[in-house]
Amino acid sequence: MSRRAINFNAGPAALPLPALERARDELLDIGGTGMSILEHSHRGKTYEAVHDEALSLARSLLGVPDTHEVLLLQGGASQQFAMVPMNLMAGRRADYVLTGAWGEKAYAEARIVGETRLACSTKNEAGSYTRVPRAGEWSVDPQAAYVHITTNETIHGVQWHALPETGPVPLVCDASSDVLSRPIDVSRIGLLYAGAQKNLGPAGVVLVVVRKDLLARCPGSVPVIFRYATHAEHRSLYNTAPTFGIYLLRNVLAWVAAEGGAEGMARRNVRKAEALYGVIDEHAGFYRCPIERDSRSWMNVVFRLPDEKLEAQFIAQAREQADIVGLQGHRSVGGIRVSMYNAIEPAQVDVLVDFMRQFVRRHG
Ligand SMILES: *Cc1c(COP(=O)(O)O)cnc(C)c1O
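Residue numbers (the working numbering): 11 to 374.
Written out as structure tokens, the structure reads:
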């Protein structure tokens, strides 16, 4: 078997081995058709079965009620920064809550499309983000078209651990980096979007879950390709779908189902988060996590060492001694970031934790 590194990359990120092995085994001939899934028509029976299975697995694993559509689109989560306001503003003002860099980007894009309000930002005096808003710190404009949050800020390591109450105003969630990491109540969400390359599969696919009554909001001035309604009407086959990406996403979702679904993922993810934050807190004079406890991300764990030289050594030695890659913090914030999406095994986090204990013994 070929070597597999312990890959804590932020995205594209590690994929579950069984999903990759299945793709390898089927790559040249899927289902005895004598063709790769890459070579099948998106209108043919073989691909359509994969496509429908991907949609139905997404629906069942996320617990999507009949009131909502499940869509598989392209253009990355960044395209959703534009599509959300194009489809949902309908001449009204939208509220944005910022808890990190991705929310800032979504907000900037929405401001190009229409009127927005910064409902809340937790950016601190140092220009960084270390928490989600506290209860009572912000409120929703009851007239708002929607309220946008980023459920997990991938760069800053800040996660909402409970969805905010927005009353009748639809809640829009960028869940790119924590979708399906634990159960959520989709009935409380107006629209959820998630780029696949963190928790769901390869880059090139975006999952969108949208409440059906919101589809009609889209004005006629929006090009057909950018309307959610178009993709809903065509079961996400309006134009050529990203077939290989959806095939791999299907493999990943089948793996999630076999591992106990969203509850199974939550059990794994809690265990991983407890192990990693545990070693950080145990050596709090050496490793320092700037994120407030109730906002600490289960998916992207950010922390600092006493200085940048030690951080560089930490990254280099992790690679040399334990075959661990992907620990470099985002270039905009520095430090260390451990991205441990669903596919990361608890045992892989244990290897990192052991390395961290040894490192602090040598350098602390
Ligand atoms: C990665 C990420 C994005 C951007 O995704 P693209 O597919 O590169 O557009 C947006 N939001 C969040 C929360 C992310 O983690």
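Just so it is clear, CB atoms sit at the ideal spot from N, CA and C, and this is done for glycine as well.
Does the segment 276–292 come within contact of the segment 335–353, defined as at least 3 CB pairs closer than 8 Å? yes
Just mark Ile-122 as buried or exposed, buried being the case when its beta carbon has 16 or more other beta carbons within 10 Å. As a first step, residue 122 is located in the sequence shown; it is residue number 112 there, counting from the start. When all chains shown are included, Ile-122 counts as exposed.
Using C-beta distances below 6 Å, list every residue in its chain close to Trp-148, excluding the 5 sequence neighbours before and after it, in chain order. Working through the sequence shown from its first residue, we reach residue 148 at position 138. Excluding positions up to five away in sequence, the list reads Ala-129 and Cys-130.
Length-filtered (3 minimum) beta strand (DSSP E) runs lying within the segment 164–196: 181–184
Between which two residues does the alpha helix (DSSP H) containing Thr-384 stretch? Any answer about residue 384 is impossible in this case: the structure gives the chain only from 11 up to 374.
Can you list, in chain order, the residues of its chain whose CB lies under 7 Å from that of Pro-143, leaving out five sequence neighbours each side? Reading the sequence shown from its first residue, position 133 is the one you call residue 143. If we look at Pro-143 and ignore the five residues flanking it on each side, its Cβ neighbours are Val-107, Cys-130 and Thr-132.
Would His-244 be called buried (16 or more neighbouring beta carbons within 10 Å of its own) or exposed? Looking up residue 244 in the sequence shown gives position 234. In this structure His-244 is exposed. Its beta-carbon is surrounded by fewer than 16 other beta-carbon atoms within 10 angstroms.
Do you know offhand how far Arg-314's Cα is from Ser-305's? Working through the sequence shown from its first residue, we reach residue 314 at position 304. Working through the sequence shown from its first residue, we reach residue 305 at position 295. One C-alpha to the other measures close to 17 Å.
Any chance you could list the beta strand (DSSP E) runs of at least 3 consecutive residues sitting entirely within the segment 64–107, in chain order? 78–83
Where the beta strand (DSSP E) containing Phe-313 begins and where it ends: Here residue 313 is taken as the residue at index 303 of the sequence shown, counted from 1. Looking at the DSSP string, the run of the beta strand (DSSP E) that includes Phe-313 is 310–313.
Tell me the start and end of each unbroken beta strand (DSSP E) in the segment 289–351 that is at least 3 residues and wholly inside, in chain order. 310–313 and 346–349
Hey, out of Leu-247, Tyr-238 and Arg-237, whose CA is closest to Ala-59's CA? Taking the first residue of the sequence shown as 1, we reach residue 59 at position 49. Ranking Leu-247, Tyr-238 and Arg-237 by CA distance to the CA of Ala-59 puts Leu-247 first.
Contacting residues, own chain, Cβ-Cβ under 7 Å from Ser-51 (five flanking each side not counted): By one-based count along the sequence shown, residue 51 stands at place 41. Same-chain partners within the cutoff: Tyr-57.
Return yes when the Cβ of Gly-336 is within less than 9 Å of the Cβ of Ala-111, no when it is not. Here residue 111 is taken as the residue at index 101 of the sequence shown, counted from 1. Here residue 336 is taken as the residue at index 326 of the sequence shown, counted from 1. Contact flag unset, no.
Have a look at the DSSP bridge pairing and note the partners of Ile-159. Residue 159 sits at position 149 when you count from the first residue of the sequence shown. In the DSSP output, where bridge partners are listed per residue, Ile-159 has Cys-183.
Tyr-139 beta carbon less than 9 Å from that of His-166: As a working mapping, residue 166 is identified with position 156 in the sequence shown. As a working mapping, residue 139 is identified with position 129 in the sequence shown. It is a contact, given that the beta carbons lie within the stated cut-off.
Going by DSSP, what residues sit across from Tyr-203 in a beta bridge? As a position in the sequence shown, residue 203 is number 193, starting the count at 1. Beta-bridge pairing links Tyr-203 to Asp-184 and Val-218.
Considering just the uninterrupted stretch of the alpha helix (DSSP H) at Ala-126, what are its terminal residues? The residue given as residue 126 occupies position 116 in the sequence shown. According to the sequence shown, residue 126 is Thr rather than Ala. No alpha helix (DSSP H) contains Thr-126, which is instead part of the beta strand (DSSP E) from 126–131.
Relative to ligand 1, is the shortest distance from any of its heavy atoms to the C-beta of Glu-119 smaller than 8 Å? Mapped onto the sequence shown, residue 119 falls at position 109. In this structure, ligand 1 has no non-hydrogen atom nearer than 8 Å to the beta-carbon of Glu-119.
Would you kindly report the start and end of the unbroken alpha helix (DSSP H) that includes Met-45? Your numbering for residue 45 matches position 35 in the sequence shown. Where Met-45 is concerned, there is no enclosing alpha helix (DSSP H), given that its DSSP letter is neither H nor E.
Out of Glu-273, Gly-271 and Trp-308, state which residue places its alpha-carbon closest to the alpha-carbon of Gly-288. As a working note, residue 288 is residue 278 in the sequence shown. The candidate whose alpha carbon is nearest that of Gly-288 is Trp-308.
Cβ pair Leu-173, Arg-141 closer than 9 Å: Translated into the one-based positions of the sequence shown, residue 173 becomes position 163. Translated into the one-based positions of the sequence shown, residue 141 becomes position 131. Contact flag unset, no.
Neighbour-count burial assignment, Arg-237, 16 or more Cβ in a 10 Å radius: Looking up residue 237 in the sequence shown gives position 227. Buried is the call here.
When every heavy atom of ligand 1 is checked, does at least one fall within less than 8 Å of the C-beta of Glu-114? Reading the sequence shown from its first residue, position 104 is the one you call residue 114. Answer for Glu-114: no, Cβ out of range of ligand 1.
Can you name, in chain order, every residue of its own chain whose Cβ lies under 7 Å from the Cβ of Glu-114, other than the five neighbours on each side? Here residue 114 refers to the residue found at position 104 of the sequence shown. Once the five neighbours on either side are set aside, the close Cβ partners of Glu-114 are Leu-108.
Limits of the unbroken alpha helix (DSSP H) element including Arg-240: Your numbering for residue 240 matches position 230 in the sequence shown. Strictly speaking, residue 240 in this sequence is Thr, with Arg absent from that position. That run of the alpha helix (DSSP H) goes 238–243.
Whether Leu-201 touches Leu-37 by CB criterion (9 Å): On the sequence shown, residue 201 is found 191 positions in, with the first residue counted as 1. On the sequence shown, residue 37 is found 27 positions in, with the first residue counted as 1. Not in contact: Leu-201 and Leu-37 (Cβ atoms no closer than 9 Å).
Assigned secondary structure, Asn-19 (DSSP; H/G/I helix, E/B strand, else coil): As a working mapping, residue 19 is identified with position 9 in the sequence shown. The answer is coil: DSSP assigns Asn-19 none of H, G, I, E or B.
Under 8 Å from any heavy atom of ligand 1, does the C-beta of Ser-307 make it? The residue labelled residue 307 in the question sits at position 297 within the sequence shown. No, ligand 1 has no heavy atom inside 8 Å of this Cβ.
List the residues that DSSP assigns as beta-bridge partners of Tyr-139. Here residue 139 refers to the residue found at position 129 when the sequence shown is read from its first residue. DSSP output for Tyr-139 lists Lys-133 as bridge partner(s).
According to DSSP, is Gln-153 part of a helix, a strand, or is it coil? Taking the sequence shown and counting its residues from 1, one reaches residue 153 at position 143. Correct three-state label for Gln-153: coil.
State buried or exposed for Glu-31, treating a residue as buried only when at least 16 other CB atoms are found within 10 Å of its CB. In the sequence shown, the residue the question calls residue 31 occupies position 21. Exposed, by the Cβ-count rule.
Cβ contact check for the segment 64–84 and the segment 215–225: 3 or more pairs under 8 Å: Three or more Cβ pairs drawn from the segment 64–84 and the segment 215–225 lie within less than 8 Å of each other, which places the two stretches in contact.
Which term fits Arg-260, buried or exposed, when burial requires 16 or more other beta carbons within 10 angstroms of its beta carbon? One-based indexing of the sequence shown puts residue 260 at position 250. The residue is buried, with at least 16 neighbouring Cβ atoms inside 10 Å.
Ala-206 and Val-196 look like a contact to me (Cβ under 8 Å); what is the Cβ gap, rounded to whole Å? As a position in the sequence shown, residue 206 is number 196, starting the count at 1. As a position in the sequence shown, residue 196 is number 186, starting the count at 1. Incorrect: roughly 18 Å between the Cβ atoms, too far for contact.
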